[in-house]
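Note that the protein sequences, when read in sequence, are chains A and B. Residues 1 to 323 (the numbering used here) make up the first sequence, in order. Residues 324 to 646 (the numbering used here) make up the second sequence, in order. Beta carbons: idealized from backbone N, C-alpha and C, even for Gly. Fair warning: this is a prediction, and the values are worked out from it, not measured in the lab. Worksheet: one structure, shown below.
Number of protein chains: 2
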Amino acid sequence: MNPSEPNYISPQEDIRAVEAMILAQADGYQQDLKAALDHLLASGGKRIRPTIIIYIGRMLGADPQHILTMAAAIELLHTATLVHDDLIDGSLLRRGIPTLNAQWTPGATVLTGDFLFSKAAKLAANTRSIPVIQLFTDTLATIVNGEITQMFNNRCRINRDEYYVRIYAKTASLFETSAASAALLSGVDQATTEKMSKFGNYLGMAFQIIDDILDFTGQQDTIGKPVGNDLRQGLVTLPTILFAESNPDDTAVNQLMQGDCVKNSKQLNELILAIQKSNAPRLALAEAKRFVELGIEQLADTPDGFERTQLVQIARFIVDRKL
Amino acid sequence: MNPSEPNYISPQEDIRAVEAMILAQADGYQQDLKAALDHLLASGGKRIRPTIIIYIGRMLGADPQHILTMAAAIELLHTATLVHDDLIDGSLLRRGIPTLNAQWTPGATVLTGDFLFSKAAKLAANTRSIPVIQLFTDTLATIVNGEITQMFNNRCRINRDEYYVRIYAKTASLFETSAASAALLSGVDQATTEKMSKFGNYLGMAFQIIDDILDFTGQQDTIGKPVGNDLRQGLVTLPTILFAESNPDDTAVNQLMQGDCVKNSKQLNELILAIQKSNAPRLALAEAKRFVELGIEQLADTPDGFERTQLVQIARFIVDRKL
């Protein structure tokens, strides 16, 4: 569809419809759930996953109502995982706004996350597509499994393969499912669905790499966490991996290479500063850009037009976020 | 099907198949998830919900594989809610066996519950029935909403209607969905599905009333909690409601009637003792039996045979549990 057509609804209007659909999920339930959902939606977010779903769905001719429903399902699933993550990490702010667990008891926070999961699954079921529902439930399992693996294993370990597996589970899997479900709801052939799936996957990988770079280069008041927070938590991300590859003789790197966490805070601060000053963040950015270009390549055979142009712009926007 | 038929698989074999299906959900995931699922399954439980699904499905001629899958989905959903409940309540034992949160961090326990939700939803999706999947996700929302309502409202309040609403959400809704989904998977007419739905609902109401009686009359080492634990937590259940109706002049009752929790522990112990010694537990049992008979009435038009006899026995067993 072209924006010059009279019935064209801008993505912003679609996004508002998605947000209204999400909010309506609390109708008829305990009033504090409604308040929580209001708060979570008002806390913002770029709605990048719904936007990808909307543009792919439009580009490939899916039923608009099913597309909006799936966009709401994915955004709500994303929100539910954030609610439980913030509780587990004890985070009190997200995007500068108090988290649910900063205001509620742990019990109420766990239950609100569970409620959002149930409603996300309900919305996915409302698409009436069994493959989409199965993909959706698999993705939740993948995300949670990734978090448990991160919790029990792989702390303070420099391993690029493990890093890719982890960011796939953490972020790329939901981007992949977003794009794949939009294709599935469009009824396109399997080859196109696989390409859309890869498009989502590559964008998600890039998105997480950028997040991991911002953890080193971002301003504390922008990201709401101390600089180098991941490494302080024992989480080795791409900038650290790339720094280690160029500095195999660094003492702290050697310690990490042996799977030992750097616990001495002076040493940790020095390592974080060294990574910031090094070439590693730029190399990581190049890697994210490589993923974005791989993603854009997947769009080659899709219908040329406004939606495809927008999808390319979204892909490029991911690596142009404030670094 | 009749047990004398050569291909007849006993419900015990079906239940073992359901348990195997549940355990297989952790295949390919982080090993601690497998260990957690092993532990949770080994902690027992009567598998009453799967048994109801299996007998209704057989009685009404559903596809056996879909029935086993749904039985696994419901039992796993039940297990997931228990994992989060025990964490929220800080319970260290369930059925005399350490809870997951007694051994794991809160974070790992939250995530394990989430993983079980995702796999329960996946199993429900594997029945390939949209109405069943929608019913399933609605039920999770109902259960969680009930818990949040219990957390925020209705503490220390004597109100029979609120009590019924609460135990529907807490217990009867999942029994109802168990029975209704077995009917839906059998493809019977809507009237039969509604009767099966009511059968499950009434059995669930009876089941929770018995649990609430056992909280007063059970042995501490059997139920694993101090006697009168619900009331100690500010939760007014049927025995207390019935006691209050017969003893409107009791000081503690008067306090509860005004919505005030009884916080003085001497007064609380006296109230619990008075309820135990009163007619209230027997009156509550009569109420549970009334629900069971209402449930059995719903089976009147179903095929006469082994399965129906078993369903009647299960219904009666609910009120004959050790009191």
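For residue 140 of chain A, the three-state DSSP class (helix, strand or coil): Stepping through the first sequence from its first residue, residue 140 of chain A is reached at position 140. Helix at residue 140 of chain A.
Reference residue 276 of chain A, options A:59, A:186, A:215, closest by Cα: Walking along the first sequence from the start, residue 276 of chain A turns up at place 276. Of the listed residues, the one whose Cα sits closest to residue 276 of chain A is A:215.
Neighbouring residues, chain A, relative to residue 555 of chain B (Cβ below 8 angstroms): As a position in the second sequence, residue 555 of chain B is number 232, starting the count at 1. Think of a sphere of 8 angstroms around the beta carbon of residue 555 of chain B: no beta carbon from chain A falls inside it, the nearest being about 17 angstroms out.
Beta-carbon proximity of residue 256 of chain A to residue 244 of chain A, cut-off 9 angstroms: The sequence position of residue 256 of chain A within the first sequence is 256, counting from 1. The sequence position of residue 244 of chain A within the first sequence is 244, counting from 1. Closer than 9 angstroms, so yes.
Interface residues of chain B facing residue 107 of chain A [CB-CB closer than 7 angstroms]: Residue mapping note: residue 107 of chain A aligns to position 107 of the first sequence, counting from 1. Against residue 107 of chain A, the close residues of chain B are 411, 474, in the order they occur along the chain (beta-carbon pairs closer than 7 angstroms).
Neighbourhood of residue 456 of chain B by C-beta, 6 angstroms cutoff - its chain only, sequence neighbours within 5 removed: Against the second sequence, residue 456 of chain B aligns to sequence position 133. Taken in chain order, the residues that qualify are 447, 448.
Among B:401, B:641, B:554, B:452, the one whose alpha carbon lies nearest that of residue 478 of chain B: Working through the second sequence from its first residue, we reach residue 478 of chain B at position 155. In terms of CA proximity to residue 478 of chain B, B:554 leads the group B:401, B:641, B:554, B:452.
9 angstroms Cβ cutoff met for residue 345 of chain B and residue 360 of chain B: Position 22 of the second sequence, counted from the start, is the residue given in the question as residue 345 of chain B. Position 37 of the second sequence, counted from the start, is the residue given in the question as residue 360 of chain B. For residue 345 of chain B and residue 360 of chain B, yes; Cβs fall inside 9 angstroms.
CB of residue 51 of chain A within 9 angstroms of CB of residue 86 of chain A, strictly: As a working note, residue 51 of chain A is residue 51 in the first sequence. As a working note, residue 86 of chain A is residue 86 in the first sequence. No, the Cβ-Cβ distance between residue 51 of chain A and residue 86 of chain A is not below 9 angstroms.
Span of the alpha helix (DSSP H) around residue 521 of chain B: Mapped onto the second sequence, residue 521 of chain B falls at position 198. For residue 521 of chain B, the enclosing alpha helix (DSSP H) begins and ends at 513-540.
For residue 131 of chain A, the three-state DSSP class (helix, strand or coil): As a first step, residue 131 of chain A must be located in the first sequence, where it is residue number 131. Here residue 131 of chain A sits in helix by DSSP.
Euclidean distance between Cα positions of residue 397 of chain B and residue 572 of chain B: Locating residue 397 of chain B in the second sequence gives position 74, counting from the first residue. Locating residue 572 of chain B in the second sequence gives position 249, counting from the first residue. Looking at the two C-alpha atoms, the distance is approximately 44 angstroms.
Nonlocal neighbours in the same chain, by C-beta distance under 8 angstroms from residue 583 of chain B, ignoring five residues either side: On the second sequence, position 260 is the one that residue 583 of chain B refers to. Same-chain partners within the cutoff: 479.
Neighbour-count burial assignment, residue 589 of chain B, 16 or more Cβ in a 10 Å radius: To locate residue 589 of chain B, count along the second sequence from 1; it is residue 266. Around the Cβ of residue 589 of chain B, a 10 Å sphere holds fewer than 16 other Cβ atoms; the residue is exposed.
Short CB-CB distance (under 9 angstroms) between residue 522 of chain B and chain A: Against the second sequence, residue 522 of chain B aligns to sequence position 199. Judged by the 9 angstroms Cβ criterion, residue 522 of chain B is not in contact with chain A.
For residue 417 of chain B, the residue or residues it bridges with in DSSP: In the second sequence, the residue the question calls residue 417 of chain B occupies position 94. Paired residue(s): B:420.
Residue 117 of chain A beta carbon less than 9 angstroms from that of residue 441 of chain B: Your numbering for residue 441 of chain B matches position 118 in the second sequence. Your numbering for residue 117 of chain A matches position 117 in the first sequence. Pairing residue 441 of chain B with residue 117 of chain A gives a Cβ-Cβ distance under 9 angstroms.
Assigned secondary structure, residue 17 of chain A (DSSP; H/G/I helix, E/B strand, else coil): Locating residue 17 of chain A in the first sequence gives position 17, where the first residue counts as 1. Three-state DSSP puts residue 17 of chain A in a helix.
Contacts of residue 101 of chain A in chain B (Cβ-Cβ under 7 angstroms): Locating residue 101 of chain A in the first sequence gives position 101, where the first residue counts as 1. By Cβ distance, chain B contributes nothing, its closest Cβ being about 11 angstroms from residue 101 of chain A, past 7 angstroms.
Three CB pairs or more closer than 8 angstroms across the region 194-213 of chain A and the region 143-162 of chain A: Taking one beta carbon from each stretch, the region 194-213 of chain A and the region 143-162 of chain A have fewer than 3 pairs nearer than 8 angstroms; the two do not touch.
Residue 296 of chain A vs residue 210 of chain A beta-carbon contact at 9 angstroms: On the first sequence, residue 296 of chain A is found 296 positions in, with the first residue counted as 1. On the first sequence, residue 210 of chain A is found 210 positions in, with the first residue counted as 1. Judged by their CB atoms, residue 296 of chain A and residue 210 of chain A are not nearer to each other than the 9 angstroms cut-off.
Chain A contact for residue 480 of chain B (CB, 9 angstroms cutoff): For this step, residue 480 of chain B is matched to residue 157 along the second sequence. No - not a single Cβ of chain A is within 9 angstroms of the one on residue 480 of chain B.
For residue 632 of chain B, three-class secondary structure by DSSP: For the purposes of this step, residue 632 of chain B is taken as the residue at position 309 of the second sequence. Correct three-state label for residue 632 of chain B: helix.
Spatial distance of residue 121 of chain A from residue 271 of chain A (CA atoms): Mapped onto the first sequence, residue 121 of chain A falls at position 121. Mapped onto the first sequence, residue 271 of chain A falls at position 271. Distance between the alpha carbons of residue 121 of chain A and residue 271 of chain A is about 43 angstroms.
DSSP three-state assignment for residue 236 of chain A, whether helix, strand or coil: What you label residue 236 of chain A is simply residue 236 of the first sequence in a count that begins at 1. Residue 236 of chain A falls in the coil class under three-state DSSP.
Separation of residue 467 of chain B from residue 561 of chain B, as counted between CA atoms: One-based indexing of the second sequence puts residue 561 of chain B at position 238. One-based indexing of the second sequence puts residue 467 of chain B at position 144. Taking the straight line joining both Cα atoms gives about 21 angstroms.
Among A:136, A:79, A:11, A:152, the one whose alpha carbon lies nearest that of residue 197 of chain A: Taking the first sequence and counting its residues from 1, one reaches residue 197 of chain A at position 197. Minimum Cα distance to residue 197 of chain A is reached at A:136.
Within chain A, the residues that residue 470 of chain B reaches when beta carbons sit closer than 8 angstroms: In the second sequence, counting from the first residue as 1, residue 470 of chain B sits at position 147. Within 8 angstroms Cβ-Cβ: 111.
Helix, strand or coil at residue 601 of chain B according to DSSP, with G and I counted as helix: The residue labelled residue 601 of chain B in the question sits at position 278 within the second sequence. Residue 601 of chain B falls in the coil class under three-state DSSP.
Rounded C-alpha distance that separates residue 11 of chain A from residue 321 of chain A: The sequence position of residue 11 of chain A within the first sequence is 11, counting from 1. The sequence position of residue 321 of chain A within the first sequence is 321, counting from 1. The alpha-carbon atoms of residue 11 of chain A and residue 321 of chain A are separated by roughly 20 angstroms.
is_contact[residue 324 of chain B, chain A] using C-beta, thresh 9 angstroms: By one-based count along the second sequence, residue 324 of chain B stands at place 1. Low confidence applies to residue 324 of chain B: its pLDDT is 46, below 50, so where it sits in the model is not reliable enough to give any reading.
Cα-Cα separation between residue 638 of chain B and residue 591 of chain B, rounded to whole angstroms: For the purposes of this step, residue 638 of chain B is taken as residue 315 along the second sequence, with counting starting at 1. For the purposes of this step, residue 591 of chain B is taken as residue 268 along the second sequence, with counting starting at 1. Each residue's alpha carbon lies about 34 angstroms from the other.
9 angstroms Cβ cutoff met for residue 631 of chain B and residue 617 of chain B: On the second sequence, position 308 is the one that residue 631 of chain B refers to. On the second sequence, position 294 is the one that residue 617 of chain B refers to. No. Outside cutoff.
Extent of the continuous alpha helix (DSSP H) to which residue 405 of chain B belongs: Working through the second sequence from its first residue, we reach residue 405 of chain B at position 82. Here the alpha helix (DSSP H) through residue 405 of chain B covers 387-412.
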